[in-house]
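Here is the structure we will look at, set down as structure tokens.
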Amino acid sequence: MDPVIVVGAGPVGLSLALALARLGVPSVVLDETPGQEETRPARTAVLRPDTAAFVGRLGCADALESAGTRWTAWRIMRRRRLVERVAFAPRTPDDAAGSAPASPVHLPQHALTRALRAALAREKLAEVVTGSRLADLEQDEHGISAHTRGPNGTWWRGSYLIGCDGPRSTVRKLLDIRFPGRTAVERHAVAALRCELPWPGEALLHRSPPRQGGGPGSEVSARPLADGLWRLDWLLPPGRELVTPDALVARIRDSLAGWSGASPAEPGTGSTGSGPDGDGNRWHGPGRLVPPYELLDTGVHTVHHRLARRWRQGRAFLAGDAAHLLGALGTQGLDEGLRDAENLAWKLGLAWHHGASELLLDSYQAERRGAVAARLRAADQALPLLRDGRSVRWRTVLPGAGRGRSTLLTDGHLGRGPLGAPPVYARTPLAPPAGAADGPLVETVPGAPVVDVAVTASDGSVVRLHDRLGQGLLVILVAPGTTVWDRRHWQSAGLMPRLTSAVAALPMSAELLVTESYPGAAAHTVLLVRPDGHLVTALAGVRPEEMTACAEAVRGGAHGRGAGAARRAGSEGAPVRPAGAGGPAGAGGPAGLGTSGTPGAAPELDSSDAPDRSGTPDRSDASGASDGAERGGSGEGTTGADGATDSGGAMEAGGATGARRAAEGRNGGAEGGGTTGSAGTAGAPSPVDPVGTSMLHSESD
Numbered sequence: 002m003d004p005v006i007v008v009g010a011g012p013v014g015l016s017l018a019l020a021l022a023r024l025g026v027p028s029v030v031l032d033e034t035p036g037q038e039e040t041r042p043a044r045t046a047v048l049r050p051d052t053a054a055f056v057g058r059l060g061c062a063d064a065l066e067s068a069g070t071r072w073t074a075w076r077i078m079r080r081r082r083l084v085e086r087v088a089f090a091p092r093t094p095d096d097a098a099g100s101a102p103a104s105p106v107h108l109p110q111h112a113l114t115r116a117l118r119a120a121l122a123r124e125k126l127a128e129v130v131t132g133s134r135l136a137d138l139e140q141d142e143h144g145i146s147a148h149t150r151g152p153n154g155t156w157w158r159g160s161y162l163i164g165c166d167g168p169r170s171t172v173r174k175l176l177d178i179r180f181p182g183r184t185a186v187e188r189h190a191v192a193a194l195r196c197e198l199p200w201p202g203e204a205l206l207h208r209s210p211p212r213q214g215g216g217p218g219s220e221v222s223a224r225p226l227a228d229g230l231w232r233l234d235w236l237l238p239p240g241r242e243l244v245t246p247d248a249l250v251a252r253i254r255d256s257l258a259g260w261s262g263a264s265p266a267e268p269g270t271g272s273t274g275s276g277p278d279g280d281g282n283r284w285h286g287p288g289r290l291v292p293p294y295e296l297l298d299t300g301v302h303t304v305h306h307r308l309a310r311r312w313r314q315g316r317a318f319l320a321g322d323a324a325h326l327l328g329a330l331g332t333q334g335l336d337e338g339l340r341d342a343e344n345l346a347w348k349l350g351l352a353w354h355h356g357a358s359e360l361l362l363d364s365y366q367a368e369r370r371g372a373v374a375a376r377l378r379a380a381d382q383a384l385p386l387l388r389d390g391r392s393v394r395w396r397t398v399l400p401g402a403g404r405g406r407s408t409l410l411t412d413g414h415l416g417r418g419p420l421g422a423p424p425v426y427a428r429t430p431l432a433p434p435a436g437a438a439d440g441p442l443v444e445t446v447p448g449a450p451v452v453d454v455a456v457t458a459s460d461g462s463v464v465r466l467h468d469r470l471g472q473g474l475l476v477i478l479v480a481p482g483t484t485v486w487d488r489r490h491w492q493s494a495g496l497m498p499r500l501t502s503a504v505a506a507l508p509m510s511a512e513l514l515v516t517e518s519y520p521g522a523a524a525h526t527v528l529l530v531r532p533d534g535h536l537v538t539a540l541a542g543v544r545p546e547e548m549t550a551c552a553e554a555v556r557g558g559a560h561g562r563g564a565g566a567a568r569r570a571g572s573e574g575a576p577v578r579p580a581g582a583g584g585p586a587g588a589g590g591p592a593g594l595g596t597s598g599t600p601g602a603a604p605e606l607d608s609s610d611a612p613d614r615s616g617t618p619d620r621s622d623a624s625g626a627s628d629g630a631e632r633g634g635s636g637e638g639t640t641g642a643d644g645a646t647d648s649g650g651a652m653e654a655g656g657a658t659g660a661r662r663a664a665e666g667r668n669g670g671a672e673g674g675g676t677t678g679s680a681g682t683a684g685a686p687s688p689v690d691p692v693g694t695s696m697l698h699s700e701s702d
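Here my numbering is used: the first residue of the sequence shown is 2, the next is one more, and so on.
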């Protein structure tokens with residue numbers, strides 16, 4: 002069987018290749034760059050707990066701890082008043098879950114990419130081919146071929162191909178998939194600097210800061226990084242004015258002076274000089290002291306909101322920024338991209354080893370596109386309320402305009418609510434059939450991510466539930482008192498023998514785990530969890546027939562015909578299929594499926610990542626296009642950002658150049674909100690909502 006071809010070596014593409022390797026699936030990553038990641042301290046990533054856990058399972062946990070930082074709290078200020086402070090749970094030796102939320106991980110994106118490259122270099126089943134620019138694609142019923150140009154130009158033969166090649170995706174162009182949406186939803190000036198702020202370890206969002214005019218649209222955030230670094234973001238007013246070096250330095254000094262607690266002379270006392278004091282600091286304006294700082298990097302990034310019409314076409318898929326762009330109001334595009342990789346990897350693993358039904362492969366598009374489009378729709382609805390400076394609308398939305406704005410912004414930045422919470426695949430095509438699942442026996446609804454409780458594995462080790470994700474179905478028995486018993490006793494007592502036999506008979510690889518408790522679950526509740534951590538169902542007791550029906554649903558029903566073993570044509574140096582790669586590690590067994598082991602002009606952070614002319618203006622807005630998927634049927638899935646995301650979750654395209662490129666439409670005309678079918682899916686196509694009153698429209702409308 003031919004390897005999977007991954008186009009693009011950003012965080013999403015590298016993560017996908019690593020996840021496939023953990024499943025015993027060989028892959029080749031086509032990287033058009035020389036493989037050297039540019040060091041940009043101002044280009045950072047914020048990973049939510051679930052995506053940070055996914056990256057950690059791929060072998061990058063040490064890099065997250067060394068290069069990243071976890072915040073102690075998040076605070077929102079308005080003018081000079083603290084509006085809200087959210088304290089994060091402290092990290093304990095056993096990482097026990099508490100009532101306080103877990104902190105995200107904030108790290109430079111180049112550090113994340115380098116860690117993923119290093120982990121991939123240790124994998125025998127994966128190969129990164131640098132200097133390989135995709136030029137053409139051909140696919141048939143047995144596989145897909147990709148032609149590359151460059152030093153390693155040749156034809157590559159693969160079983161499947163995933164385009165993780167960013168917002169200007171060549172894969173998307175070759176597949177002739179439209180990429181409608183809106184350009185320049187938000188613009189931010191960014192700086193990375195080393196300094197000391199009054200709240201060490203805490204992130205801040207300061208709305209209407211008094212030293213920057215105090216207007217309703219002014220906003221600055223400060224997020225700590227490792228080694229005493231901070232990333233500062235200033236929301237820029239609408240328009241495409243150039244951010245000059247002097248203007249950026251003025252913003253830095255205004256913000257630092259406003260946050261500094263030192264005030265040797267109050268305004269009006271005559272101390273208005275601008276000379277340095279005895280410590281080498283400089284006065285900035287009347288009575289304010291600018292603390293010392295070291296400016297390391299600056300830039301401008303522009304947030305675009307776009308959503309690809311289709312995410313699967315035959316054996317080709319889209320993921321990362323190739324499939325969607327988002328990032329306004331604190332939403333994180335890279336988070337969604339990593340969720341795409343996790344969602345798609347286990348499905349391709351089943352397809353590569355055993356063949357897969359069209360329903361299983363189409364479920365990637367239905368689940369992921371629906372989830373990200375819902376995120377875009379939430380941002381679409383919140384943006385005019387948060388950015389137009391008027392509070393009259395809020396009286397019909399939330400009681401208290403100031404509090405309402407703060408709540409929405411906090412949700413986006415901290416991964417809560419419609420703007421930021423992990424997705425729930427409530428209407429997934431992989432849901433169990435009617436009658437094969439009980440009612441709501443636990444607090445987690447079917448399709449939602451499971452809680453990271455402590456579990457006991459078959460070897461007696463106690464681990465976190467999220468550490469066991471990624472390879473097969475998880476079957477979890479809620480059995481209070483397990484940890485006080487000797488393993489030799491509880492494995493042969495009560496429900497365990499029957500449950501062990503039921504797990505061994507499931508139609509897909511599965512691991513049996515036991516937990517003392519799970520939120521809302523009674524004793525002897527059995528939970529079935531997908532490889533990506535989403536709950537399939539909860540059953541009252543051991544019910545083998547229902548368990549088998551649920552497992553069949555998870556794998557997409559009866560398996561389709563496996564992909565043919567067509568060979569790659571004329572590709573020297575291609576990865577060799579390993580011996581004995583006929584099935585995933587631990588296949589057929591109930592257990593043993595754990596993890597392996599003074600600046601110049603502010604530059605654009607990555608102008609090459611701006612959407613090009615393939616970003617066709619389209620009257621169908623991205624948020625509306627998701628509703629068909631959320632209502633069920635063969636909806637279109639969505640994916641996150643790859644290689645072009647920052648801590649704001651936005652594509653770091655920058656400035657007017659990228660925005661102008663994206664605004665130009667290759668196909669021009671407007672398209673109504675008709676229907677879109679999913680490639681290879683039987684039955685009627687899912688509906689797509691019309692534009693309505695959404696602001697996420699083409700700028701040509």
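Just so you know, even glycine gets a beta-carbon here, dropped at the ideal spot from N, CA and C.
Item, Value
"Does DSSP put Gln366 in a helix, in a strand, or in coil?", "helix"
"Would you call the region 106-120 and the region 57-66 in contact, with 3 or more CB pairs under 8 Å?", "yes"
"Does Arg388 pass the burial test, meaning 16 or more other C-beta atoms within 10 Å, or should it be called exposed?", "buried"
"What is the rounded straight-line gap between the Cα of Ala505 and the Cα of Val84?", "54 Å"
"Helix, strand or coil: which one does DSSP assign to Pro385?", "helix"
"On the DSSP letters alone, give me the boundaries of the beta strand (DSSP E) that Ile477 sits inside.", "Leu474 to Val479"
"Distance, Cα to Cα, Ala381 vs Pro508?", "Per the sequence presented here, residue 381 reads as Asp, with Ala not at that position. If I take the Cα positions, the gap works out to 42 Å."
"Helix or strand or just coil, what does DSSP make of Gln110?", "helix"
"Taking three-plus beta-carbon pairs below 8 Å as touching, is the region 354-373 in contact with the region 329-342?", "yes"
"Mark Arg188 as exposed unless 16 or more other C-beta atoms lie within 10 angstroms of its C-beta, in which case mark it buried.", "buried"
"Could you tell me the alpha carbon to alpha carbon distance between Thr245 and Leu257, rounded to whole angstroms?", "19 Å"
"Could you tell me which residues DSSP pairs with Thr303 in its beta bridges?", "Arg188"
"Can you grab the Cα-Cα spacing for the pair Val301 / Val191, in whole Å?", "6 Å"
"Should Pro434 go down as buried or exposed, given a rule of 16 or more other Cβ atoms within 10 Å for buried?", "exposed"
"Assign Leu176 to one of three DSSP states: helix, strand, or coil.", "coil"
"Are the region 455-474 and the region 14-32 touching, with three or more C-beta to C-beta distances below 8 Å?", "yes"
"Which value, in whole angstroms, describes the spacing of the CA atoms of Ala10 and Pro481?", "45 Å"
"Below 8 Å, can you find three or more Cβ-Cβ pairs linking the region 539-559 to the region 513-530?", "yes"
"Just verifying my parser: in three-state terms, what is the DSSP assignment at Ile6?", "strand"
"For Met696, which residues in the same chain have their Cβ closer than 7 Å to its Cβ, ignoring the five residues on either side in sequence?", "The predicted position of Met696 is uncertain, since its pLDDT is 29 and thus under 50; no value can be drawn from it."
"Is the region 31-40 touching the region 130-143, taking contact as three or more C-beta pairs under 8 Å?", "yes"
"Looking at His305 and Thr184, is the spacing between their C-beta atoms short of 9 Å?", "yes"
"For the pair the region 73-89 and the region 137-146, tell me if three or more CB-CB distances fall below 8 Å.", "no"
"Three or more C-beta pairs under 8 Å: does that hold for the region 159-170 against the region 302-322?", "yes"
"Check whether the region 345-358 touches the region 418-428, counting contact only when three or more Cβ pairs, one atom from each stretch, lie closer than 8 Å.", "no"
"Hey, could you find the ends of the beta strand (DSSP E) Pro225 is sitting in?", "Glu220 to Pro225"
"Kindly identify the DSSP beta-bridge partner or partners of Glu85.", "Ile77"
"Suppose the cutoff is 7 Å on Cβ atoms and the five residues either side in sequence are ignored; what does the same chain contact list for Cys1 look like?", "Any question about residue 1 goes unanswered here, given that the chain covers just 2 to 702."
"Considering only C-alpha positions, which residue in the set Thr52, Gly202, Asp228 and Thr45 is nearest to Ser16?", "Thr52"
"Given a cut-off of 9 Å on the beta-carbon distance, is the pair Leu19 and Leu59 in contact?", "yes"
"Measure from the alpha carbon of Gly421 to the alpha carbon of each residue in Asp336, Thr171, Ala43 and Pro210, then state which is nearest.", "Asp336"
"When you compare only the Cα positions, how much space is there between Glu546 and Ser502?", "12 Å"
"Measure the beta-carbon distance from Ser364 to Pro430 and round it to whole angstroms, keeping in mind my assumption that it falls under 8 Å.", "5 Å"
"Determine, using beta carbons only, whether Arg195 and Glu295 come nearer to each other than 9 Å.", "yes"
"Out of Ala193, Pro168, Leu175 and Val172, which one is the CA nearest neighbour of Pro181?", "Pro168"
"Glu39: buried (16+ other C-beta within 10 angstroms of its C-beta) or exposed?", "exposed"
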